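Heads up: the structure comes next, in structure tokens.
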């Protein structure tokens, strides 16, 4: 099944049947990671950015470590910001990365830049307040309160 669909897509990038079958697997639970791995290069190559955004949303569910989730959220944020030109969705992706790794200075900086670019100050403050309440790390609480 899955290997056959991958082979078909490697030969014919636009094969609708193989793409549909892999999407069904990606949206399911059992073979999600493998289906995503098969679809991802095709979507990039064909500039199917709306589908790529959905695929990244699915991909994050296959990641266990917060740092790995941050990588996927970062890619999603960049896609939303630079390609799809949706600053609110870009901010949301950065916010979700921040939830995973609130101590990551690069993620915080990107979240703040995203908020500044779209005047989402209230949303930024809410994200910081949520993290302040959810963490027992007094240094992180102090840092976020100062921000």
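Numbering (this note's numbering), first residue to last: 2 to 148.
By construction, the Cβ of each residue, glycine as well, lies at the ideal position given by its N, Cα and C atoms.
Note that the structure is predicted; figures quoted are calculated from it, not measured.
Could you check what DSSP says for residue i in three-state terms: helix, strand or coil?
i: residue 102; result: coil
i: residue 87; result: coil
i: residue 143; result: helix
i: residue 97; result: helix
i: residue 109; result: helix
Terminal residues of the continuous alpha helix (DSSP H) containing residue i?
i: residue 18; result: 17 to 28
i: residue 10; result: 3 to 12
i: residue 123; result: 122 to 135
Looking at residue i: is its Cβ nearer than 7 Å to the Cβ of residue j?
i: residue 125; j: residue 116; result: yes
i: residue 27; j: residue 59; result: yes
i: residue 71; j: residue 98; result: yes
i: residue 23; j: residue 16; result: no
i: residue 77; j: residue 94; result: yes
i: residue 49; j: residue 7; result: no
i: residue 132; j: residue 88; result: no
i: residue 56; j: residue 73; result: no
Please determine, among the options, the residue with the shortest C-alpha to C-alpha distance to residue i.
i: residue 43; options: 14, 94, 33, 62; result: 14
i: residue 129; options: 112, 65, 16; result: 112
i: residue 81; options: 119, 66, 39; result: 119
i: residue 123; options: 148, 63, 75; result: 148
i: residue 110; options: 144, 140, 36; result: 144
i: residue 66; options: 100, 92, 85; result: 100
i: residue 64; options: 37, 105, 107, 96; result: 37
query: In chain order, which alpha helix (DSSP H) runs of at least 4 residues are fully inside the region 30 to 72?
result: Runs found: 33 to 46, 50 to 61.
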